[in-house]
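Residue numbers (this note's numbering): 122 to 244.
Structure representation (structure tokens):
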């Protein structure tokens with residue numbers, strides 16, 4: 122049953138990532154990987170929040186955790202796209218943007234996860 126939950130969550134997360142990142146790119150343009158940074162930030166925050174709420178507070182079943190944490194958030198966030206976009210920035214001579222993307226992705230996303238966990242404990 123976990124495989125079905127992961128597959129369904131993954132399908133929804135992938136569509137959510139595409140729609141969200143396209144929306145951000147329509148607002149901010151494509152001169153920087155804003156869309157990927159946005160989905161990774163949001164996904165990291167939600168991961169931290171749900172990790173606390175579903176596991177420590179609600180004691181959610183394994184299917185719900187698999188659906189949300191592995192399936193949905195696993196496909197909503199994207200480390201591989203972050204990596205490709207960073208390499209493309211370096212390859213295109215945009216080293217400063219590449220370093221900003223690496224720092225922002227690490228700092229912002231880890232901070233978002235931590236903040237999500239803090240807020241999850243307040244629920």
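A virtual CB, placed ideally from N, CA and C, is assigned to each residue, including glycine.
Secondary structure at residue 212: helix, using DSSP grouped into helix, strand and coil.
Membership of residue 185 in the alpha helix (DSSP H) is indicated by the continuous run 183–186. For the pair residue 222 and residue 158, the CB atoms are nearer than the 9 Å cut-off. Bounds of any alpha helix (DSSP H) do not take in residue 152, whose DSSP letter is neither H nor E. Shown here, residue 129 sits in a helix according to DSSP, grouped into three states. Minimum Cα-Cα distance from residue 129 among the listed residues 188, 138, 136, 145 corresponds to 188. According to the DSSP assignment, residue 197 belongs to the alpha helix (DSSP H) that extends over 194–197. For residue 179, the secondary structure class from DSSP, reduced to helix, strand or coil, is coil. In this structure, residue 228 sits away from residue 219, with a CB-CB distance that is not shorter than 9 Å.
Within the same chain, and ignoring the five residues on either side of residue 184 in sequence, the residues whose Cβ sits closer than 7 Å to its Cβ are 122, 123, 126.
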